[in-house]
Amino acid sequence: MLGGQDALVVADEIDRAITETVKRLALPPPVDLVRAMRDSVLYTDTALYEDATYEYARRCGLTDLGSHVIAEARELMELRRTELLGRPEAETAVDLVAGGLRRHAEACLCGPEAVTDRMLADGASLAHVLKRQRAYLDAARYPVVAERVMKETSRHMRAPASQLPKLSQADLINEVL
Amino acid sequence: MPAIDYPPFQFGRGSAAYVEWETHYRLRDETLSRALGTCLAPEVADLIDLAVAVYMTDRLHRRRPLRAIDDGEHWSRYLRAEVAVRCYERWSRPEVHRLLHDLLRWLTDDEWEITFVAGGPLHPRHSETQPTLFDEPLAAPAAVGLLSGGLDSLLGAAADLETSEGELLLVSTATHPKLGTRQHQLAAALGGLGRRQVRWLGVPMNLTAAGKALVTGPGEPSQRTRAFVFLAIGAAAALSADCDELRAYENGPGALNLALTPSQRGAMNTRAMRPETLTLMARLVGAVAGRPFTISNPNRWKTKAEMCRDAPADLDAAIVACRSCDTALIGRRPKDAPCGRCTSCVLRRQALRAAGRTDLDQLDVALMPGDSLRAQVPGQVDPALRLMVGQVAQLSMCLASCDPWTALVHRWPDLASARQACGVDSGPFVDLLGRYCAEWHGVSSPVVDRLLAA
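Shown next, in the form of structure tokens:
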């Protein structure tokens with residue numbers, strides 16, 4: 002299914018799918034969550050951040066996508082918490098949304114057993130399949146969609162333009178023929 | 007998909023349609039008071055009532071509506087319950103309220119709203135009303151442990167028999183009669199093993215037909231709050247025996263129970279024995295009991311294979327008798343045979359083989375419908391085995407990176423909260439998962455070798 006696909010074609014599909022998901026679920030920007038994370042680091046009070054994750058989950062309607070954004074926040078708090086103090090909140094919020102979107106795409110692309118099964122069918126090892134799946138995921142443009150979540154009412158969002166090279170009229174005629 | 011918002015259930019006392027002991031659920035916790043020769047303290051009886059209320063609320067409300075497509079989007083719910091308690095002041099304290107809700111959110115991924123009603127249930131249970139003639143305290147220094155009937159609890163309890171002289175009280179909760187029988191057999195086998203005296207108490211618990219009929223259609227299969235019931239009953243036994251510690255026995259990777267695929271998130275993999283669960287539950291019990299309480303897992307830093315390696319030789323018969331399989335006791339197979347396909351069966355096989363106990367593994371395989379480790383190609387193996395090996399491939403890639411902890415937390419972000427709950431740095435986790443992966447690479451199986459090839 003995905004075996005012979007060009008990474009950019011898959012990435013275009015991912016961009017479109019995550020934009021649709023953000024629109025459908027009306028993902029709220031996690032600015033309050035980021036502020037609570039900063040305060041949590043500043044005052045060494047983890048309860049502030051924990052409460053904010055619950056609040057954000059509620060605002061998202063306890064959706065999968067919301068939980069993926071929170072997972073991204075957990076990673077940031079564990080590995081790069083000092084970064085929070087030196088960056089604008091909006092910038093960190095974009096990172097959280099972008100990371101959450103990537104996790105969501107990964108769950109959809111790599112989660113279902115059937116996809117991995119089909120990729121394994123040609124005799125590849127799991128490590129090879131995982132690398133190929135990662136290449137597809139890396140090609141999508143989560144930060145572009147994430148920026149739009151922060152700036153626009155998500156219900157009116159449009160997916161990023163295709164990354165594939167535009168076909169000339171001659172190419173199009175060839176394609177049709 | 008936004009979460010489903012369910013109306014509340016009322017437990018013990020409330021409107022005409024409240025949920026009641028014996029009518030809607032059975033709970034034989036008088037075994038607890040009889041084993042220790044004491045009536046349950048009111049706050050302990052409340053803890054058990056609360057656990058049952060939470061379990062029923064969870065079990066009777068489906069995550070995915072019956073006719074909805076299984077697209078992985080139906081998971082979290084809004085759940086409410088109203089519980090009548092004897093010690094209203096204790097339960098309504100903000101600290102207790104917070105701990106309870108934090109624990110339930112963590113265990114289930116749901117948003118809970120538990121409210122308490124003063125006055126206790128209309129019909130108190132025998133465990134709090136029928137005192138026994140003789141007090142039967144445990145011989146000091148006593149310990150209380152959970153015996154689920156699986157391999158880890160058997161091995162953990164066996165190890166505890168060697169560590170001290172006092173009495174070991176093993177507590178089991180059985181939601182199925184066959185499970186109760188097997189737990190009893192294992193406790194009897196343990197009784198003859200070590201220097202320590204063993205006392206066992208089993209608490210049967212199940213929903214009645216009237217309980218199941220509270221909602222139409224089948225209940226929720228995930229039942230993530232079963233852990234809350236087991237831990238609450240274990241804690242109730244420990245408190246009644248004047249012990250401030252409950253011991254839970256689960257191997258390290260099993261306790262962490264990391265997601266097998268990126269589509270599994272949060273509590274989709276049970277968090278029953280996660281360090282965070284044990285910490286939150288201990289804090290809740292301590293807050294309600296008014297004294298410090300701990301729930302420890304002595305095998306947190308051991309793999310299942312290492313637990314098997316440390317098992318005493320005279321435990322072999324009990325190892326063969328115990329069942330790790332998710333469906334062995336409900337599957338209606340001859341001799342309660344393990345299925346050989348679920349993740350629990352696969353992990354048990356991996357552990358026995360890695361521990362050099364292929365003799366015991368072959369006895370298990372003789373009961374199973376087939377030997378999935380003998381498959382030649384991935385297309386022939388069951389999904390559970392492929393998913394577990396897939397997880398090992400991911401773990402191996404993370405561990406081989408220049409900063410293993412960063413790679414591990416990126417893939418499994420909730421490792422961060424596990425580390426915080428354990429109060430250690432990343433070293434023990436990296437080490438434990440490294441040993442677990444190394445064991446898998448040593449399992450002799452054509453299909454595992456092929457899947458794990460570089």
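Going down the list, the protein sequences come from chains A and B.
Residue numbering for the first sequence follows this note's numbering, beginning at 2 and increasing consecutively.
Residue numbering for the second sequence follows this note's numbering, beginning at 7 and increasing consecutively.
Backbone N, C-alpha and C fix where the C-beta goes; we use that ideal spot for every residue, glycine too.
Item to complete: State yes or no: is the beta carbon of A/Asp172 nearer than 8 Å to at least one beta carbon in chain B?
Response: Output row for A/Asp172: interface = no.
Review point. If the cut is a Cβ gap below 7 Å, which residues of chain A does B/Asp420 touch?
Key: Near B/Asp420 (Cβ distances below 7 Å), the residues of chain A are Arg75.
* Asked: Does the beta-carbon of B/Arg99 have 16 or more other beta-carbons within 10 angstroms, so that it is buried, or is it exposed?
  -> With fewer than 16 Cβ atoms within 10 Å of its Cβ, B/Arg99 is classed as exposed.
| Is the beta carbon of B/Thr179 sitting closer than 8 Å to the one on B/Val235? | In this structure, B/Thr179 lies near B/Val235, with their beta-carbon atoms less than 8 Å apart.
_Quick check: B/His329 and B/Pro344, are their CB atoms within less than 8 Å of each other?_
His is not the amino acid found at residue 329 of chain B; the sequence shown has Arg there. Result yes, Cβ atoms of B/Arg329 and B/Pro344 sit closer than 8 Å.
Checklist entry - Hey, out of B/Thr309, B/Asp388, B/Leu321, whose CA is closest to B/Leu439's CA? => result Measuring from the Cα of B/Leu439, the nearest candidate turns out to be B/Thr309.
Which residue wins for smallest C-alpha separation from B/Ala399, given the options B/Ala357, B/Cys314, B/Thr267, B/Val123? Comparing Cα-Cα distances from B/Ala399 to each of B/Ala357, B/Cys314, B/Thr267, B/Val123, the minimum goes to B/Thr267.
Within chain A, the residues that B/Pro143 reaches when beta carbons sit closer than 8 Å
Counting only Cβ-Cβ distances below 8 Å, B/Pro143 has no contacts in chain A at all, with the closest Cβ about 39 Å away.
Check: chain B partners of A/Tyr55, CB-CB under 9 Å?
Finding: Residues of chain B passing the Cβ test: His107, Asp108, Arg111, Glu117.
For B/Phe234, which three-state DSSP category applies? Here DSSP, grouped into helix, strand and coil, assigns B/Phe234 to helix.
Handout entry: Opening and closing residue of the alpha helix (DSSP H) in which B/Gly151 lies
Key = Where B/Gly151 is concerned, there is no enclosing alpha helix (DSSP H), although the beta strand (DSSP E) it sits in stretches over 149 to 152.
### Query
Under 8 Å, do B/Ile120 and B/Ile239 count as touching if we go by C-beta distance?
Using a Cβ distance threshold of 8 Å, B/Ile120 and B/Ile239 do not count as a contacting pair.
Proximal residues of chain A, C-beta to C-beta of B/Arg271 below 9 Å = Chain A residues near B/Arg271: Asp65, Ser68, His69, Ala72, Arg104, Ala108.
*Using a Cβ-Cβ distance under 8 Å, would A/Arg133 count as near chain B?*
Judged by the 8 Å Cβ criterion, A/Arg133 is not in contact with chain B.
> Helix, strand or coil for A/Met2 per DSSP?
Replying inline: Note that A/Met2 scores 45 on pLDDT, short of 50, meaning its location in the model is unreliable; the coordinates nonetheless yield the value given after this. Annotated three-state conformation of A/Met2 is coil, per DSSP.
### Query
Can you give the Cα-Cα distance for B/Ser302 and B/Val150, rounded to whole angstroms?
Near 11 Å, if we compare the C-alpha coordinates of B/Val150 and B/Ser302.
TODO: Could you pull out every residue in the same chain whose Cβ sits closer than 6 Å to the Cβ of B/Trp118, ignoring the five residues on either side in sequence?
DONE: Excluding the 5 residues flanking it on each side, B/Trp118 has same chain C-beta neighbours closer than 6 Å at Leu85, His107, Leu110, in chain order.
B/Leu213 beta carbon less than 8 Å from that of B/Leu175: Taking 8 Å as the Cβ cut-off, B/Leu175 and B/Leu213 do not qualify as a contacting pair.
Starting from the beta carbon of B/His416, find every residue of chain A whose beta carbon is closer than 7 Å, and list them in chain order. The contacting residues are Glu76.
Amino acids of chain A, ordered along the chain, whose beta-carbon sits closer than 9 Å to that of B/Val395: Under a criterion of Cβ atoms nearer than 9 Å, the residues of chain A adjacent to B/Val395 are, in order, Leu127.
Q | Where the alpha helix (DSSP H) through A/Thr47 begins and ends | A | Residues 47 to 60.
Taking beta-carbon pairs under 8 Å, can you tell me which members of the segment 263 to 292 of chain B lie near chain A? Closer than 8 Å at the C-beta level to chain A, one finds these residues of the segment 263 to 292 of chain B: Thr267, Pro268, Ser269, Gln270, Arg271, Gly272.
(message) Cutting at 7 Å between CB atoms, please list the residues of its own chain near B/Arg96, excluding the five before and the five after it.
(response) In its chain, beyond the 5 residues on either side, Glu49, Val102, Val294 have a beta carbon closer than 7 Å to the beta carbon of B/Arg96.
Outcome for B/Val485 when other beta-carbon atoms lying within 10 angstroms are tallied against a minimum of 16 = It is not possible to answer for residue 485 of chain B, since the shown part of chain B is limited to 7 through 460.
| said: Strictly under 8 Å for the Cβ-Cβ distance: is A/Leu9 near chain B by that measure? | reply: No, A/Leu9 does not count as interfacial toward chain B.
- For the segment 74 to 90 of chain B, which residues have a beta carbon sitting closer than 9 Å to at least one beta carbon of chain A? Cβ contacts with chain A come from Gly78, Glu79, Trp81, Ser82, Arg83, Tyr84.
Worksheet item: Are B/Thr114 and B/Arg230 closer than 8 Å when you measure CB to CB?
Response: B/Arg230 sits close to B/Thr114, with the two beta carbons spaced by under 8 Å.
If we count Cβ pairs, one from each stretch, closer than 8 Å, do we get three or more for the segment 76 to 83 of chain A versus the segment 23 to 42 of chain A? Contact holds: three or more Cβ-Cβ distances are below 8 Å.
Quiz item: For the alpha helix (DSSP H) that B/Arg204 lies in, which residues bound it at each end?
Solution: In the sequence on display, residue 204 of chain B carries Val and not Arg. That residue, B/Val204, is in no alpha helix (DSSP H); its beta strand (DSSP E) goes 204 to 213.
(Q) Let's see if you can read the secondary structure: which residues bound the alpha helix (DSSP H) around B/Leu39? (A) Per the sequence shown, the amino acid found at residue 39 of chain B is Ser instead of Leu. Secondary structure note for B/Ser39: its alpha helix (DSSP H) is the uninterrupted segment 36 to 42.
Any Cβ of chain A within less than 8 Å of the Cβ of B/Leu439? No, no contact with chain A.
Exercise. Following the continuous alpha helix (DSSP H) through B/Val91, name the residue where it begins and the one where it ends.
Key: From DSSP, B/Val91 is part of no alpha helix (DSSP H) but of the beta strand (DSSP E) over 83 to 91.
Assumed close pair B/Met403, A/Leu131 - CB separation to whole angstroms, cut-off 8 Å | Contact between B/Met403 and A/Leu131 holds, with the beta-carbon distance rounding to 7 Å and staying under 8 Å.
Within 10 angstroms of its Cβ, does B/His447 collect 16 or more other Cβ (buried), or is it exposed? Counting Cβ neighbours within 10 Å, B/His447 comes out exposed, since fewer than 16 surround it.
*Where A/Leu97 meets chain B, residues with beta-carbon distance less than 9 Å*: Within chain B, no residue comes near A/Leu97; the closest Cβ sits about 12 Å away, beyond 9 Å.
* Asked: In chain A, which residues lie less than 7 Å from B/Ala334 when you measure between Cβ atoms?
  -> Residues of chain A whose Cβ lies closer than 7 Å to the Cβ of B/Ala334 do not exist; the shortest such Cβ separation is about 24 Å.
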